[in-house]
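In terms of the UniProt record's numbering, the sequence shown opens at residue 1 and continues consecutively.
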Amino acid sequence: MTLEPEWESKFEPNSYGFRPGRSSRDAIEAIHHTLRGTKTGKFVLDADISKCFDKIDHDKLLTKIDTFPQLRNQIKSWLRAGVFEKGAYSPTSAGTPQGGVISPLLSNIALHGMETHLKEWVVTQEILSQNGVKLSPASKRASLSVIRYADDFVDTKINT
């Protein structure tokens with residue numbers, strides 16, 4: 001599918017889940033590398049986005065993908081195809097199909113940009129260095145690292 005190579009070139013470098021040549025071991029190594037390189041204080045947030053695959057908004061995802069109409073319509077039909085569970089059909093209006101071949105890629109597309117948004121948010125916060133000095137926007141962005149594996153992410157904050 002043409003989507004994967006296009007999005008692989010766009011994905012943030014600290015995104016590891018369901019990507020070619022990237023494993024959970026690589027994500028753990030990235031976390032270790034981020035934390036070992038500093039002598040100052042460290043904060044780590046380990047988060048799991050609850051029911052992430054089930055809650056992805058179809059319209060927002062399709063807008064984000066922004067592809068030519070034929071592919072957009074194909075993706076839309078995959079998303080809205082519904083599921084059979086215990087012999088009963090249920091339509092889907094949100095989420096990516098559980099076990100669907102394209103679901104991991106679509107979830108990565110939906111979550112792409114999370115690191116950028118978190119770094120934009122951290123700039124708006126008043127953060128002091130260990131010496132009590134206000135950090136510059138660039139220092140705030142540099143002090144935050146987000147490492148994502150599918151719908152789990154680790155957010156590290158290094159005190160500067």
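Ideal Cβ placement from N, Cα and C applies to all residues, glycine included. Because the structure is a prediction, the values reported are computed rather than measured.
For residue 168 and LYS76, what's the separation of their Cα atoms in angstroms? Here the chain covers residues 1 to 160 and nothing more, so residue 168 does not appear.
With a threshold of 16 other CB atoms inside 10 Å of the CB of GLY95, please say whether the residue is buried or exposed. Start at 1 with the first residue of the sequence shown, and residue 95 comes out as number 95. The residue in question, GLY95, is buried, as its Cβ has 16 or more Cβ neighbours within 10 Å.
Quick check on the DSSP output: what are the complete beta strand (DSSP E) runs of length 3 or more inside the UniProt domain "Reverse transcriptase" (1-160), in order along the chain? Inside the UniProt domain "Reverse transcriptase" (1-160), DSSP marks whole beta strand (DSSP E) runs of 3 or more residues at positions 42-48, 83-85, 88-90, 144-149, 152-158, from first to last along the chain.
Pop quiz: ARG148 and GLY17 are said to be a contact at Cβ under 8 Å. What is the actual Cβ separation, rounded to whole angstroms? As a first step, residue 148 is located in the sequence shown; it is residue number 148 there, counting from the start. As a first step, residue 17 is located in the sequence shown; it is residue number 17 there, counting from the start. Under the criterion of beta carbons closer than 8 Å, ARG148 and GLY17 qualify as touching, at roughly 7 Å.
Rounded to the nearest angstrom, what separates LYS42 and GLU115 at their Cα positions? Here residue 42 refers to the residue found at position 42 of the sequence shown. Here residue 115 refers to the residue found at position 115 of the sequence shown. LYS42 and GLU115 have their C-alpha atoms some 18 Å from each other.
Cα-Cα, which of SER136, TRP121, HIS112 is closest to LYS10? As a position in the sequence shown, residue 10 is number 10, starting the count at 1. Ranked by Cα distance from LYS10, the options SER136, TRP121, HIS112 are led by HIS112.
Close beta carbons around ALA30, own chain, < 8 Å, minus the five adjacent residues each side: Looking up residue 30 in the sequence shown gives position 30. Sequence-distant Cβ neighbours of ALA30 in its own chain, meaning closer than 8 Å and more than five residues away, are ASN14, TYR16, ILE147.
Tell me the rounded alpha-carbon separation between THR2 and VAL101. As a first step, residue 2 is located in the sequence shown; it is residue number 2 there, counting from the start. As a first step, residue 101 is located in the sequence shown; it is residue number 101 there, counting from the start. Their Cα atoms are separated by approximately 14 Å.
In angstroms with no decimal places, state the Cα-to-Cα distance between SER139 and LEU105. Taking the first residue of the sequence shown as position 1, residue 139 is located at position 139. Taking the first residue of the sequence shown as position 1, residue 105 is located at position 105. Cα to Cα, SER139 sits roughly 32 Å from LEU105.
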